[in-house]
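Number of protein chains: 4
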Amino acid sequence: MLLKELREKVYEANMQLPRLGLVIFTWGNASELDPETGLFVIKPSGVAYDELTPEKMVVCDLDGRRVEGDLNPSSDTDTHAWIYRAWADRGIKGVVHTHSSVATAWAQAGRDLPAYGTTHADYFYGPVPCMRGLTKEEIEEAYELNTGKVIVSGFEERDVDPIAVPAVLVRNHGPFSWGKDANEAVYHAAVLEECAKMARDTELLSPHCGPAPQYLQDKHYLRKHGPNATYGQR
Amino acid sequence: MLLKELREKVYEANMQLPRLGLVIFTWGNASELDPETGLFVIKPSGVAYDELTPEKMVVCDLDGRRVEGDLNPSSDTDTHAWIYRAWADRGIKGVVHTHSSVATAWAQAGRDLPAYGTTHADYFYGPVPCMRGLTKEEIEEAYELNTGKVIVSGFEERDVDPIAVPAVLVRNHGPFSWGKDANEAVYHAAVLEECAKMARDTELLSPHCGPAPQYLQDKHYLRKHGPNATYGQR
Amino acid sequence: MLLKELREKVYEANMQLPRLGLVIFTWGNASELDPETGLFVIKPSGVAYDELTPEKMVVCDLDGRRVEGDLNPSSDTDTHAWIYRAWADRGIKGVVHTHSSVATAWAQAGRDLPAYGTTHADYFYGPVPCMRGLTKEEIEEAYELNTGKVIVSGFEERDVDPIAVPAVLVRNHGPFSWGKDANEAVYHAAVLEECAKMARDTELLSPHCGPAPQYLQDKHYLRKHGPNATYGQR
Amino acid sequence: MLLKELREKVYEANMQLPRLGLVIFTWGNASELDPETGLFVIKPSGVAYDELTPEKMVVCDLDGRRVEGDLNPSSDTDTHAWIYRAWADRGIKGVVHTHSSVATAWAQAGRDLPAYGTTHADYFYGPVPCMRGLTKEEIEEAYELNTGKVIVSGFEERDVDPIAVPAVLVRNHGPFSWGKDANEAVYHAAVLEECAKMARDTELLSPHCGPAPQYLQDKHYLRKHGPNATYGQR
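Residue numbers (the numbering used here), protein chains in the order written: chain A, 258 to 491; chain B, 258 to 491; chain C, 258 to 491; chain D, 258 to 491.
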């Protein structure tokens, strides 16, 4: 069996999603890339979390084709694959998709998630962008692949660094997040949902308060990330 | 004892309702039809979930009359019966009623639940309609039966297919949902509540954002349903 | 030891409050009246729920004076006592006070809880009234006793029947509820919180939708209450 | 090992934070001062709660320097230290910082938390103030220390007594709370989050209702605090 250890890791990452309250039923999926082989392991499509096992995970290549496994891979496989194609060389080796409740509401509202405070700035350096919707043609031609393309080109066009902002809102759909492995991508999915709740309530309390000052965002992001980081144990 | 196996299934479906956070106390009921006998099994009225057993389930005919069981059937039995009468030949053999918190708020607000995103479109092909309120006469004459009639005729008048939109909001009351069995009806009740939360928050964040584009709804609904579905394991 | 059995019942009723998510820390209390002796059993003041025992419950008379027990009774004892004085002959023998989150928000907003739907009408026949605030003089003279007096006279002035509407919102403070025993008063406290959530969301979705039609409220209230009730097992 | 008993207490206080739903991941920290030695014990930086042990707690002096422990202390250590420097002689020996969801939203909105009712007044005598944001210079010079200075000088300038209002909202960041020990500081953090939720909902229901009357706030605060307190067991 290919990538036995990675199957375990990806299984564990997927199982965290319902535990963290980010998905119900089958509404999410996590994957991780093995950079040596260029293959990634992903959740099978439509399988309930309490029926998952490491063996049921599916191995795919970067064209989203199943390489090993009896089950169909997640319907979002082509989106994961494109993100790895574009950004694996930046160190992105884990991707997560959920329909977590409040982040999805921001995606449905078609709005960027503003950086209202330090909770956000500790993980996302600037707003989490909401992508343009796919066109009818993009959807009909290759929906899941084009979702990946809209994400990657959207970050390029808006000059957003996917390392500094490891999440996105797909218009009328929901969030994707990523990280150095599946576990970190899950972590970012949970942070995103929490920031989405706080930002919703912030606007209820003060609709026009504006984002946190840039120098505060700088301080928080840079005390956790980069060469001069001081947070945690180093 | 009639329909022993079905009693177990309906018992299990009912017990899922509090576990999924859809009901407290006795505020919900699930039933399932046995197409061979034309009888259905339903929760007894006003019995707490932790006192339920498969044996306490009540067997009724399609006039809502108790055929077997010591306990009175759910007060909503006539509504279930009418839905089976109208739609069993479409394959609808499970019905659920809850007072889940946010779906009920939409029903109290008297509003259709808009299809703001793909979470909704994966299960409901278009808005979940809110029915007109019953008249004083309809309520006094045969409240629960007429609730069923308003649902069925409301779907007809608005040309909504109950297979494509397996849930409804009853004005000032709360949601009903259905499916191919009681278990699927419970599933749709949970999806509805989740979509109701997301839609509430979507409107808080962008009051006039409008529904998801029709071609996106088409894509999501049709990738999970119908002859060309690709989602899950087939 | 006086009223041993009643201590057990009141202990159990108090322990339900944190389990139902209605109180944290020491923020609530339940009591029940023994009509034979004219005494009631109530939670001691400021004792955490996980340190409660039936023996720690306090027995008081209808002047709110401690008759048995080493601990001080709840600071709200005089409010409970006055409710029993006024309404015990109507069959009210259980009282509960909580600071449950959303019902308290309605009390802080100084607003009656409207009867937006059947969930409400199944238990409360009309709006749950919010009382006028106490005057400075009433607060300084006998705060807790006068809270009881404002409740009882408020129901009289507004011609609300405490049997038909077994709960109240005390302005800038929070809810009290009651019933035929402590257990039913707890039940009404939980229903009130759930209706308070639904009503908040109803107004977010449709600020001017107005209450449910009176004939629908009549139907629901009267199918659960009174001589012609059909709900449940009778 | 220094302050063995205090390490246990501070460990327990930290472990309460996720249990009370106030923090996820590593998003909070509790400390307590030992007045004899002038040292305080605090959570290590960036360590997950389920990996904490009493031995991993870090001992610091009032300049925020680590005196004992292998791990770096919380990145907020200098803020805790300054609060002890300023207010330990007032009896403040426990400090807590969280990013609890709704209190953080108030901080992001840049608004004082109004005293809308008695739940608030039982613990906070007046609004919980939101501090001015730190300047760019203050952030770049000594961010965490200056956060402490802005809190202490903010209370002085606004003439707020930190004993009567044992919590603060740091602009665009989140809440700090304090008390006579770490456990009481945790308690105040939980009360603050609950009051923040109630106040958000109060404004949704009645945007201009204004705070509770001063004489009601006086009654509630003074029945729990000071020489004439009657609440609880004394």
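Quick reminder that beta carbons are idealized off the backbone N, C-alpha and C, glycines included.
Check: Assumed close pair D:His477, D:Thr375 - CB separation to whole angstroms, cut-off 8 Å; Outcome: 5 Å
Check: Chain-ordered chain B contacts of C:Gln490 [CB-CB under 8 Å]; Outcome: Pro301, Ser302, Gly303, Val304, Leu328, Asn329
Check: Whole runs of the alpha helix (DSSP H) within the region 308-343 of chain B, excluding any shorter than 4 residues; Outcome: none
Check: C-beta contact flag for B:Glu401 and B:Thr336 at 8 Å; Outcome: yes
Check: Buried or exposed (CB count within 10 angstroms, at least 16 for buried), C:Ala421; Outcome: exposed
Check: Euclidean distance between Cα positions of A:Pro354 and A:Asn286; Outcome: Residue 354 of chain A is actually His in this sequence, not Pro. One C-alpha to the other measures close to 5 Å.
Check: First and last residue of the uninterrupted beta strand (DSSP E) at D:His377; Outcome: No beta strand (DSSP E) contains D:His377, which is instead part of the alpha helix (DSSP H) from 375-378.
Check: Interface residues of chain A facing B:Thr361 [CB-CB closer than 8 Å]; Outcome: Result: empty, since nearest Cβ-Cβ is about 17 Å, beyond 8 Å.
Check: Host beta strand (DSSP E) of D:Gly405 (start-end); Outcome: That residue, D:Gly405, is in no beta strand (DSSP E); its alpha helix (DSSP H) goes 393-414.
Check: Status (buried if at least 16 other CB within 10 Å, exposed otherwise) for C:Lys454; Outcome: buried
Check: Candidates C:Pro371, C:Val427, C:Arg428, of which the one nearest C:Gly467 by Cα; Outcome: C:Pro371
Check: Neighbourhood of D:Pro484 by C-beta, 8 Å cutoff - its chain only, sequence neighbours within 5 removed; Outcome: none
Check: Residue-level contact to chain B via CB, A:Ile281, 8 Å cutoff; Outcome: yes
Check: Classification of A:Leu391 by the beta-carbon crowding that lies within 10 angstroms, buried from 16 upward; Outcome: buried
Check: Backbone CA spacing between B:Ala362 and C:Ala366 [nearest angstrom]; Outcome: 19 Å
Check: A:Ala486 burial status per 10 Å Cβ neighbour count (16 or more: buried); Outcome: exposed
Check: is_contact[C:Ser332, chain D] using C-beta, thresh 8 Å; Outcome: yes
Check: Where B:Thr283 falls: helix, strand or coil (DSSP); Outcome: coil
Check: Secondary structure of A:Cys524, DSSP reduced to three states; Outcome: Outside the modelled stretch of chain A, which goes from 258 to 491, sits residue 524 of chain A, for which no answer is possible.
Check: Coarse secondary structure for C:Glu289, derived from DSSP in three states; Outcome: strand
Check: C-beta atoms of B:Ile340 and B:Gly383 nearer than 8 Å; Outcome: no
Check: A:Pro432 - containing beta strand (DSSP E), residue span; Outcome: 431-436
Check: Of the listed residues B:Pro386, B:Ala456, B:Lys393, nearest to B:Glu413 (C-alpha basis); Outcome: B:Pro386
Check: Cβ shell of C:Lys313 (< 7 Å), same chain only, five flanking positions each side left out; Outcome: Pro301, Val304, Leu328
Check: Range covered by the beta strand (DSSP E) that runs through D:Ala424; Outcome: 424-427
Check: Which of helix, strand or coil DSSP assigns to D:Pro386; Outcome: coil
Check: Environment of A:His356 [buried if 16+ CB atoms lie within 10 Å]; Outcome: buried
Check: Of the listed residues A:Asp318, A:Gln273, A:Ser332, A:Ala378, nearest to B:Leu479 (C-alpha basis); Outcome: A:Ser332
Check: Rounded straight-line distance, which links the Cα of B:Glu265 to that of C:Arg276; Outcome: 29 Å
Check: Beta-carbon proximity of C:Arg368 to C:Pro419, cut-off 8 Å; Outcome: no
Check: Members of the region 429-452 of chain C that neighbour chain B once the beta carbon cut-off is set at 9 Å; Outcome: Tyr444, Ala447, Val448, Glu451
Check: Buried or exposed (CB count within 10 angstroms, at least 16 for buried), A:Pro292; Outcome: exposed
Check: Distance between beta carbons of C:Ser434 and C:Pro423, contact taken as under 8 Å; Outcome: 6 Å
Check: Residue-chain proximity (B:Gly367, chain C), Cβ-Cβ < 8 Å; Outcome: yes
Check: Short CB-CB distance (under 8 Å) between B:Gly374 and chain A; Outcome: yes
Check: Anticipated Cβ contact below 8 Å, B:Val298 with B:Ser288, distance rounded; Outcome: 6 Å
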